[in-house]
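Novice: I have a structure I would like to understand better, so I am pasting it below and will then ask my questions one at a time.
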Amino acid sequence: MNIGIIGIGYWGPNLVRNFYNNPKCKKLFVSDLREGRLEYIKNLFPGISVTTDPNQLLEDKNIDAIVIATPVNTHKNIALQALANNKHVFIEKPLTDNYDDANEIVDFSKKQKKIVAVGHIFQFSPSVTAIKNFVREKELGELFHFSSQRINLGPPHASIDVVWDLAPHDLSILLYLFDEYPDRINAYGESRWWNGVTDNAHIFLGFPSKKSAHIHVSWLSSNKTRRILLFNKDGNFEYDETKSDEQKVIFYDKGIDNRIDQKSSEKTKLQYGVGEVKKLLLPKGEPLALEVDSFLNSITDEVEPINNGEIGKEVVRILEIASQTIKEKAYV
Ligand SMILES: NC(=O)c1ccc[n+]([C@@H]2O[C@H](COP(=O)([O-])OP(=O)(O)OC[C@H]3O[C@@H](n4cnc5c(N)ncnc54)[C@H](O)[C@@H]3O)[C@@H](O)[C@H]2O)c1
């Protein structure tokens, strides 16, 4: 397959490296409005074609798919143009900066019968895959609560708020693990340093099956934290992205065992299970390499990727409601 990548800023070079190294990608074409970025990438990956005119890629009949790594407010126009030219699209997260545009892209992709994949890299993280597989293989009771903390000091730039900057990652993990979309969305947030831009926020979600979730994102924390807790009736998962692979995902096989007391009249006597503490073995692979490979496979096999347009749309819907709720309630 021949691939065109548009946008070689901070994140784009990582995508170039992974498409370049994937044997299914035959030829790579790259575009950025800035000459300097093209010189930089050409030096790193000799043999790729570069241009400052993205239309050259969008209109090139030899290109099968377009990868979009430009700022979020440009995703819609580039994606619609690529789809109109019968190309599959891989769009960096978040899919768009509003739900209407996300709908338009996904509807048009269906009409054009083309794949839309969204850059939800954590859906390909070995840690998330390990949790998903562990729940399935061990036939544990369903996960019923998700609580995450993605907090660090300061934004990359304050053109978007902390909800749009950090929460896409937690939301894509949450929706993938729960395999369900929320019917209740609430949020609380504030602006402490970034004058009118939310820099500390909590999102609360409820699901039709009574599952629940809480996501805390912040630019106010001196300590970088990437932590997710997952509860199910048999125990808890603790997933800490900052730890070494051996320590990243731990399952505490310890729940409240009320089976023993169910027939007893002494209702207050709860028994606590004392199972093992299990460090999950993570599958191998770099998340971005796995994500790129999945996109290329979904095109050749004509199947929807796990990071498809529908989950991309749902992430945008939740981000929009959460961000607006914070503004409407005049928290910022
Ligand atoms: N998956 C991840 O973990 C991850 C991490 C960082 C960023 N991202 C996403 O990647 C995207 C890009 O983010 P970034 O931080 O690299 O942004 P950036 O501002 O550093 O880079 C964007 C690049 O796009 C170029 N550009 C803008 N409009 C263009 C156009 N019409 N044609 C060609 N080039 C154009 C700019 O010149 C710039 O070089 C965003 O959607 C962002 O959310 C994803």
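Going by our numbering, the letters in the sequence shown line up with residues 5 to 336, in that order.
For glycine and all other residues, C-beta sits at the position ideal for the given N, C-alpha and C.
All of these numbers come straight from a predicted model, not from anything done at the bench.
1) Can you check DSSP and say which residues form a bridge with Thr55?
2) Where DSSP assigns a beta bridge to Lys282, which residues make up the other side?
3) Please name the residue, chosen from Gly13, Val319 and Asn6, that lies closest to Tyr185 on a Cα-to-Cα basis.
4) Helix, strand or coil: which one does DSSP assign to Glu250?
5) How do the region 124-132 and the region 278-295 stand: do at least 3 beta-carbon pairs fall below 8 Å, yes or no?
6) Assign Phe94 to one of three DSSP states: helix, strand, or coil.
7) Excluding the five sequence neighbours on either side, which residues of its own chain have a C-beta within less than 6 Å of the C-beta of Thr55, listed in chain order?
8) Ordered along the chain, which non-local residues of its own chain (more than five positions away) have a Cβ less than 7 Å from that of Asn190?
9) Any chance the CB of Asp36 is under 8 Å from a heavy atom of ligand 1?
10) Indicate whether the contact test is met: 3 or more Cβ pairs, each with one atom in the region 50-70 and one in the region 278-286, closer than 8 Å.
11) Drop a sphere of 10 angstroms on the beta-carbon of Trp223, count the other beta-carbons inside from all chains shown, and report buried for 16 or more, exposed for fewer.
12) Have a look at Ala106, Asp297, Asn102 and Ile164 and flag the residue whose alpha-carbon is nearest the alpha-carbon of Trp198.
13) Would you please state the rounded distance, in angstroms, between the beta carbons of Ala86 and Val93? I believe it to be under 8 Å.
14) Mark Lys333 as exposed unless 16 or more other C-beta atoms lie within 10 angstroms of its C-beta, in which case mark it buried.
Specialist: With the structure as the only source:
1) If you number the sequence shown from 1, residue 55 lands on position 51. Bridge partners of Thr55: Ser35.
2) Taking the sequence shown and counting its residues from 1, one reaches residue 282 at position 278. DSSP output for Lys282 lists Phe255 as bridge partner(s).
3) Translated into the one-based positions of the sequence shown, residue 185 becomes position 181. For the residues Gly13, Val319 and Asn6, the minimum Cα distance to Tyr185 belongs to Val319.
4) Locating residue 250 in the sequence shown gives position 246, where the first residue counts as 1. If DSSP states are grouped into helix, strand and coil, Glu250 belongs with the helices.
5) yes
6) Sequence index remark: in the sequence shown, residue 94 carries index 90 (1-based). In the structure shown, Phe94 falls within a strand segment according to DSSP collapsed to helix, strand and coil.
7) Here residue 55 corresponds to residue number 51 of the sequence shown, with the count starting at 1. Non-local beta-carbon contacts of Thr55 in its own chain, meaning distances under 6 Å to residues more than five positions away in sequence, involve Ser35 in chain order.
8) For this step, residue 190 is matched to residue 186 along the sequence shown. For Asn190, where only same-chain residues beyond five positions count, the Cβ hits under 7 Å are Phe208 and Thr329.
9) The residue labelled residue 36 in the question sits at position 32 within the sequence shown. Because some heavy atom of ligand 1 lies under 8 Å away, the Cβ of Asp36 counts as near it: yes.
10) no
11) Against the sequence shown, residue 223 aligns to sequence position 219. Label assigned to Trp223: buried.
12) Here residue 198 corresponds to residue number 194 of the sequence shown, with the count starting at 1. Of Ala106, Asp297, Asn102 and Ile164, the residue nearest in Cα terms is Ile164.
13) Residue numbering aside, residue 86 sits at position 82 when the sequence shown is read from its first letter. Residue numbering aside, residue 93 sits at position 89 when the sequence shown is read from its first letter. Going by Cβ atoms, the distance from Ala86 to Val93 rounds to 5 Å, so yes, they are a contact pair.
14) The residue you call residue 333 lines up with position 329 of the sequence shown. Under this definition Lys333 is an exposed residue.
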